[in-house]
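*Asks:* Protein chains in written order, with full-length UniProt numbering: chain Z, 1 to 533; chain H, 1 to 533. Don't be surprised by glycine CBs; every beta carbon is placed ideally from N, CA and C. If you're wondering where the values come from, they're calculated on a predicted model, not measured in any experiment. Dropping a structure here in structure tokens format, bear with me for questions.
Protein chains: 2
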Amino acid sequence: MADKRISIYDTTLRDGAQGEGVHFSAKDKLFYMQKMIEAGIDYVEAGWPGANPKDDEFYRTMSSWADSAENQDWRLRTRVVAFGSTCRVGESPEKSDSLNGLIASGANTLTIFGKTWKLHVETVLRTSPQENLRIIRESVEYLVKAGKEVFFDAEHYFDGWQDDPAFALSCLEAAMLGGAKGLVLCDTNGGTYTREITNGVQIVRQELSPAILGIHTHNDGGLAVVNTLAAVEAGVDQIQGTWNGFGERCGNANLSTLIPWLQLKLGYQLLEPEVLHNISYLSRYVAELANYPFDEKQPFVGRSAFAHKAGMHVDAVMKNNRTFEHIDPASVGNERRVLISDQSGKANLCLKMRRFKPEIEKDDPLVELAMERIKNAENEGFQYETAEGSLDLLLLEILGKYEQPFTLEDYHVWSDPLRGELDSVAVVKVQVGDKQVHIAAEGDGPVHALDQALRSTLGAFFPAIEESELTDYKVRVLDGSRGTGSVVRVVVETKHGVNTWGTIGVSSNIIKASAKALLDALYLVILSSQGKA
Amino acid sequence: MADKRISIYDTTLRDGAQGEGVHFSAKDKLFYMQKMIEAGIDYVEAGWPGANPKDDEFYRTMSSWADSAENQDWRLRTRVVAFGSTCRVGESPEKSDSLNGLIASGANTLTIFGKTWKLHVETVLRTSPQENLRIIRESVEYLVKAGKEVFFDAEHYFDGWQDDPAFALSCLEAAMLGGAKGLVLCDTNGGTYTREITNGVQIVRQELSPAILGIHTHNDGGLAVVNTLAAVEAGVDQIQGTWNGFGERCGNANLSTLIPWLQLKLGYQLLEPEVLHNISYLSRYVAELANYPFDEKQPFVGRSAFAHKAGMHVDAVMKNNRTFEHIDPASVGNERRVLISDQSGKANLCLKMRRFKPEIEKDDPLVELAMERIKNAENEGFQYETAEGSLDLLLLEILGKYEQPFTLEDYHVWSDPLRGELDSVAVVKVQVGDKQVHIAAEGDGPVHALDQALRSTLGAFFPAIEESELTDYKVRVLDGSRGTGSVVRVVVETKHGVNTWGTIGVSSNIIKASAKALLDALYLVILSSQGKA
Chain Z
1 MADKRISIYD TTLRDGAQGE GVHFSAKDKL FYMQKMIEAG IDYVEAGWPG ANPKDDEFYR
61 TMSSWADSAE NQDWRLRTRV VAFGSTCRVG ESPEKSDSLN GLIASGANTL TIFGKTWKLH
121 VETVLRTSPQ ENLRIIRESV EYLVKAGKEV FFDAEHYFDG WQDDPAFALS CLEAAMLGGA
181 KGLVLCDTNG GTYTREITNG VQIVRQELSP AILGIHTHND GGLAVVNTLA AVEAGVDQIQ
241 GTWNGFGERC GNANLSTLIP WLQLKLGYQL LEPEVLHNIS YLSRYVAELA NYPFDEKQPF
301 VGRSAFAHKA GMHVDAVMKN NRTFEHIDPA SVGNERRVLI SDQSGKANLC LKMRRFKPEI
361 EKDDPLVELA MERIKNAENE GFQYETAEGS LDLLLLEILG KYEQPFTLED YHVWSDPLRG
421 ELDSVAVVKV QVGDKQVHIA AEGDGPVHAL DQALRSTLGA FFPAIEESEL TDYKVRVLDG
481 SRGTGSVVRV VVETKHGVNT WGTIGVSSNI IKASAKALLD ALYLVILSSQ GKA
Chain H
1 MADKRISIYD TTLRDGAQGE GVHFSAKDKL FYMQKMIEAG IDYVEAGWPG ANPKDDEFYR
61 TMSSWADSAE NQDWRLRTRV VAFGSTCRVG ESPEKSDSLN GLIASGANTL TIFGKTWKLH
121 VETVLRTSPQ ENLRIIRESV EYLVKAGKEV FFDAEHYFDG WQDDPAFALS CLEAAMLGGA
181 KGLVLCDTNG GTYTREITNG VQIVRQELSP AILGIHTHND GGLAVVNTLA AVEAGVDQIQ
241 GTWNGFGERC GNANLSTLIP WLQLKLGYQL LEPEVLHNIS YLSRYVAELA NYPFDEKQPF
301 VGRSAFAHKA GMHVDAVMKN NRTFEHIDPA SVGNERRVLI SDQSGKANLC LKMRRFKPEI
361 EKDDPLVELA MERIKNAENE GFQYETAEGS LDLLLLEILG KYEQPFTLED YHVWSDPLRG
421 ELDSVAVVKV QVGDKQVHIA AEGDGPVHAL DQALRSTLGA FFPAIEESEL TDYKVRVLDG
481 SRGTGSVVRV VVETKHGVNT WGTIGVSSNI IKASAKALLD ALYLVILSSQ GKA
């Protein structure tokens with residue numbers, strides 16, 4: 001195994017933000033930079049100054065911050081990169097708004113893209129090959145003379161190279177003549193086969209000698225990761241990608257997959273080990289910041305990546321984790337999960353039940369009963385895989401170890417949406433021991449009102465409820481084709497001290513589904529504060 | 001390019017159903033089979049008879065159906081496969097419930113898996129290498145003698161081969177000696193690097209001569225697709241996979257990606273061209289049936305796969321679609337989309353506006369105004385990428401071509417969730433021209449009640465509303481960390497004749513968000529029935 005250093009060039013904030021549904025505000029970008037600096041990412045391409053005011057604002061803030069004392073910190077190896085285009089056809093670089101915007105951004109590293117595929121020169125730029133070479137060379141040169149470190153993104157390099165190798169290489173050469181420090185070979189359309197990536201990289205390594213050779217792939221053929229790995233093996237020393245594979249169309253090469261591959265399996269050095277151990281969290285952080293649903297099936301970092309459903313697999317993993325895990329989940333800050341479903345078999349369920357009754361065996365009729373109850377609930381739309389708190393309550397009940405600490409006798413909700421902020425009212429009737437409480441509360445929407453009413457009623461009896469916090473609320477419509485009468489599944493996540501639970505409710509009435517999930521959460525908070533769950 | 005025939009072995013119903021959140025009922029499986037038979041899939045592995053009653057029921061129904069006259073149809077090349085394990089250590093095949101269950105299933109093709117990795121033989125089976133060879137050979141032989149076509153799934157073949165090549169090959173040989181028609185090389189843990197897949201396949205091709213050699217990969221390293229492609233190039237003639245890449249942990253090799261790759265780019269023959277042109281629909285159908293969210297970023301078949309956000313890309317694609325599309329979207333039944341967002345630039349927006357005002361130019365102040373309105377709405381949580389109907393209304397309004405055909409003056413909703421089925425009531429006050437209507441309706445949950453009230457009120461004025469149909473309803477919580485007070489985004493899909501629109505509402509009150517989306521949908525139905533949208 002090699003022990004070669006490769007640099008990471010992260011374009012989540014720029015090319016990643018081209019992805020459908022991915023958005024970062026200028027403030028998000030600053031939070032993001034902080035995390036990437038802490039993680040020691042080499043290059044972060046953060047936007048396209050001049051293209052929108054959000055990016056201009058970001059670079060202004062960033063460059064004043066980078067000049068400050070903190071810059072001296074040893075961890076600060078991260079360079080903020082500004083992205084843009086060459087000058088236009090027929091334009092001199094001095095007159096180019098794009099190039100002058102880049103210089104004005106204050107970033108010390110600048111990346112500009114240019115054409116290397118004749119088809120684009122002819123149909124999009126509508127100019128001669130010579131003019132294309134001129135705008136590349138002169139644009140790079142102009143930025144280099146301004147004291148910048150310059151990368152050249154060779155757009156469509158692989159398509160261009162397959163179409164006309166000599167022309168594609170001449171474009172790269174133009175960038176080198178202009179003084180580019182790095183050449184980045186881009187599979188812009190994302191449809192290139194791995195073999196052609198290898199060939200395309202090797203020829204550049206033979207013909208040219210850039211200080212840094214990078215690779216930038218897209219996932220239109222589902223090969224972005226392997227195409228990057230192949231490029232590394234063929235001689236590139238920088239990988240461009242995005243966290244979680246965010247990006248236009250099918251996305252960019254996924255750094256959350258590439259970094260573990262290169263570092264854990266192929267012996268390259270990219271991040272400090274403690275950062276790698278944190279990569280599951282880091283990937284999730286980026287998705288949260290972009291407010292984009294995290295792909296739980298993602299290799300290495302997804303919640304499902306080490307989740308075992310088949311009973312036999314669970315059995316084997318308990319004996320030796322290598323039997324069904326290709327790496328140790330802890331090496332990427334992830335963890336093994338045992339899923340309960342009608343597929344999973346009694347062995348898994350029995351393991352879960354032993355937490356509450358250590359002596360229970362697989363052939364106990366209560367295990368069978370629990371299996372039955374779970375199957376029925378799943379038929380109604382419940383899914384305990386993401387709501388293990390509700391599963392715990394079900395198992396405790398079956399084991400005879402659980403009595404409801406209170407009951408919700410009745411509740412009603414009104415909503416008057418045109419009224420203003422607190423537009424909804426909930427009334428709840430709750431029985432705690434021999435006391436009955438009837439209380440109303442306002443809220444921002446009917447579910448919020450219900451939550452407020454329950455908490456204010458029960459907080460007086462169970463102080464733990466006031467210390468607990470609702471940390472996530474999710475709604476999924478199970479079969480949208482029945483329109484607004486569809487069954488919805490609500491999952492809430494609740495935190496109390498170091499514990500976090502997912503709880504679930506299912507109903508065609510969203511308020512009822514939410515009430516069930518909220519009640520389960522409150523039950524768990526109370527039980528755990530009493531040391532019972 | 002080769003023009004070689006490869007068979008497809010689809011394990012969506014079996015290995016795919018091991019995926020977190022993927023479920024098929026016995027009835028779902030019958031619907032599924034119908035689709036796959038129509039598509040001409042070669043082999044469909046549908047379950048594990050004996051493992052659960054659902055699968056037994058399925059095979060009973062299926063085998064009586066396959067014996068019927070319809071079986072004579074020329075398209076019926078599909079074979080239904082039953083899956084199971086070898087006999088146990090120390091057990092004779094005649095005594096094996098697993099093997100006898102497979103025979104009893106009535107399926108003519110049977111697949112059994114067995115161990116080929118010494119680690120598993122030693123730590124999981126806890127037996128000798130010789131006994132492992134015996135159970136493989138005798139199990140296959142027993143099924144072959146019962147008149148079945150038998151495939152042997154060589155579990156962990158690649159890990160086993162890297163660990164002890166001679167042992168792994170001897171296990172395959174045992175299956176051949178038993179009379180197996182097919183050998184399937186499995187990367188069960190999904191962590192193998194492509195190079196080792198190629199090597200592992202090549203050695204089998206040199207040493208053994210199965211009638212069919214198959215490949216079965218998992219996506220734990222993000223390489224399931226490329227590992228299957230590499231295996232094909234190294235000599236396998238059958239690919240195992242699942243639609244949409246469903247499957248345990250990070251999923252199986254994705255047929256929705258593999259089939260277009262092999263057929264459109266590498267020249268292999270798998271499906272009839274008209275089936276390939278339908279593959280986007282087929283993939284989505286499977287996700288709907290499994291009630292699993294469709295991954296819109298999927299290569300080839302996802303809604304985002306040909307969605308362009310960057311203004312420059314849109315511009316170039318209009319000139320020549322090859323500039324930013326690696327294949328023609330129509331070849332896989334997909335389509336190009338132009339996205340509108342604050343990233344997308346005026347060129348995209350202007351294109352959209354020209355549908356309503358053909359003469360408008362990019363520098364028209366109305367384009368700027370629309371841009372501004374969209375940006376503001378996106379800051380509030382709107383996203384027009386999936387709600388192009390609401391975007392149309394916004395643009396029509398800005399162009400002065402839209403007047404609300406009615407206004408919702410006021411509305412109230414009550415919900416009494418413990419009451420039973422129609423547990424909610426909505427009251428709406430609507431102004432249509434000079435008429436005011438005040439009406440109430442019951443519903444299953446507050447949103448359904450509101451929908452009912454609006455439709456019954458407005459249907460009398462606008463008959464088109466009664467012909468329209470709500471076909472999808474989706475809810476997304478935008479920032480779950482604010483719990484039940486979080487902002488939610490509601491998107492509804494409405495169908496009227498050949499038109500379908502997505503419309504959107506955003507609010508911290510789910511009823512208000514739904515009302516906004518429903519209103520937009522009703523406005524569009526009315527406008528289109530009047531020929532205005």
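(1) Please state whether the Cβ-Cβ distance between Y193 of chain H and L266 of chain Z is less than 9 Å.
(2) Please check the pair A517 of chain Z and V490 of chain Z, which I expect to be a contact at CB under 8 Å, by giving their CB distance rounded to whole angstroms.
(3) Measuring alpha carbon to alpha carbon, tell me which residue in H:D444, H:A330 and H:I465 is nearest D423 of chain H.
(4) Check the Cβ of D451 of chain H against every Cβ in chain Z and list those closer than 9 Å, keeping chain order.
(5) Please specify which runs of the alpha helix (DSSP H), each continuous and at least 4 residues long, are wholly inside the region 35 to 66 of chain Z, giving them in chain order.
(6) Can you pull the chain Z residues whose beta carbon is under 7 Å from the beta carbon of N189 of chain H, in chain order?
(7) Could you tell me whether the Cβ of S304 of chain H comes closer than 9 Å to any Cβ of chain Z?
(8) Along the chain, where does the alpha helix (DSSP H) that runs through I103 of chain H open and close?
(9) My parser needs the alpha helix (DSSP H) runs of 4 or more residues fully inside the region 261 to 302 of chain H; what are they?
(10) Excluding sequence positions up to five away, which residues of its chain have a Cβ less than 8 Å from the Cβ of I212 of chain Z?
(11) Under 9 Å between C-beta atoms, does F83 of chain Z make it to chain H?
(12) If you check the beta carbons only, do V425 of chain Z and F406 of chain Z fall under 9 Å apart?
(13) Quick one: what's got a C-beta closer than 6 Å to R5 of chain Z's C-beta in the same chain, skipping five residues either side?
(14) Who are the Cβ neighbours of G101 of chain Z in its own chain at under 6 Å, not counting the five residues just before and after it?
(15) Under 9 Å Cβ-Cβ, which residues of chain Z neighbour W414 of chain H?
(16) Report buried or exposed for P446 of chain Z, applying the criterion of at least 16 other Cβ atoms within 10 angstroms of its Cβ.
(17) In terms of alpha-carbon separation, which member of H:S529, H:K375, H:G483 and H:V506 lies closest to G497 of chain H?
(18) Are K95 of chain H and G160 of chain H close, meaning C-beta to C-beta below 9 Å?
(19) Run down chain H in chain order and give the residues with a C-beta less than 8 Å from the C-beta of E372 of chain Z.
(20) Locate the alpha helix (DSSP H) running through V144 of chain H, then write down its first and last residues.
(21) Chain Z partners of D250 of chain H, CB-CB under 8 Å?
(22) Let me know the secondary structure DSSP gives G182 of chain Z once reduced to three states.
(23) In chain order, what residues of the region 447 to 476 of chain Z put their CB closer than 9 Å to some CB of chain H?
(24) Note down the Cα distance separating K401 of chain H from P329 of chain H, rounded to an integer number of angstroms.
(25) Can you tell me whether A224 of chain H is buried or exposed, with buried defined as 16 or more other CB within 10 angstroms of its CB?
(26) Evaluate the contact criterion for the region 227 to 237 of chain H versus the region 271 to 287 of chain H: three or more CB pairs, one atom per stretch, below 8 Å.
(27) Between the region 289 to 304 of chain Z and the region 354 to 364 of chain Z, do three or more beta carbon pairs fall short of 8 Å?
(28) Nearest-angstrom Cα distance between L125 of chain H and A168 of chain H?
(29) Contact criterion: CB-CB distance below 9 Å. Does H216 of chain Z meet it with respect to chain C?
(30) Rounded to a whole number of angstroms, what is the C-alpha to C-alpha distance between K29 of chain H and V487 of chain Z?
(31) Excluding five sequence neighbours on each side, which residues of the same chain lie with their C-beta closer than 7 Å to the C-beta of A347 of chain Z?
(32) Quick one: is V184 of chain Z near chain H, going by C-beta distance under 9 Å?
(33) Taking just the CA atoms, how far does R134 of chain Z sit from L519 of chain H?
(34) Taking the alpha carbon of A464 of chain Z as the point to measure from, which residue in Z:N108, Z:M36 and Z:I526 has its own alpha carbon closest?
(35) To the nearest angstrom, how far is it from the Cα of residue 588 of chain H to the Cα of S390 of chain H?
(36) Out of Z:F382, Z:D434, Z:F83 and Z:S128, point me to the one whose CA is closest to D153 of chain Z's CA.
*Replies:* Looking at the atomic coordinates:
(1) yes
(2) 5 Å
(3) H:D444
(4) G483, T484 and G485
(5) 53 to 66
(6) F324, E325 and H326
(7) At a cut-off of 9 Å between C-beta atoms, S304 of chain H counts as an interface residue with respect to chain Z.
(8) D97 to A104
(9) 273 to 276 and 279 to 290
(10) Cβ neighbours of I212 of chain Z beyond the five flanking positions: S7, F151, K181, G182, L183, D237 and Q238.
(11) Not an interface residue.
(12) no
(13) The residues are Q269.
(14) For G101 of chain Z, where only same-chain residues beyond five positions count, the Cβ hits under 6 Å are P49 and G50.
(15) H412, V413, W414 and S415
(16) buried
(17) Nearest option by C-alpha distance: H:S529.
(18) no
(19) Here the premise fails: no neighbours, minimum Cβ distance about 12 Å.
(20) P129 to K145
(21) Per the sequence shown, the amino acid found at residue 250 of chain H is Cys instead of Asp. Going along chain Z in sequence order, the residues near C250 of chain H (Cβ under 8 Å) are K297, Q298, P299, G302, S304 and A305.
(22) Note: G182 of chain Z maps to strand in three-state DSSP.
(23) V447, H448, A449, L450, D451, Q452, E469, L470, T471, D472, Y473, K474, V475 and R476
(24) Each residue's Cα considered, the two are about 33 Å apart.
(25) buried
(26) no
(27) no
(28) Approximately 15 Å between the Cα atoms of the pair.
(29) The chain labelled as chain C is not found among the protein chains of the depicted structure, namely Z and H.
(30) 22 Å
(31) G311, V314, D315 and K362
(32) no
(33) 55 Å
(34) Z:I526
(35) Summary: the structure shown does not reach residue 588 of chain H, with chain H confined to residues 1 through 533, and so no result is reported for it.
(36) Z:F83
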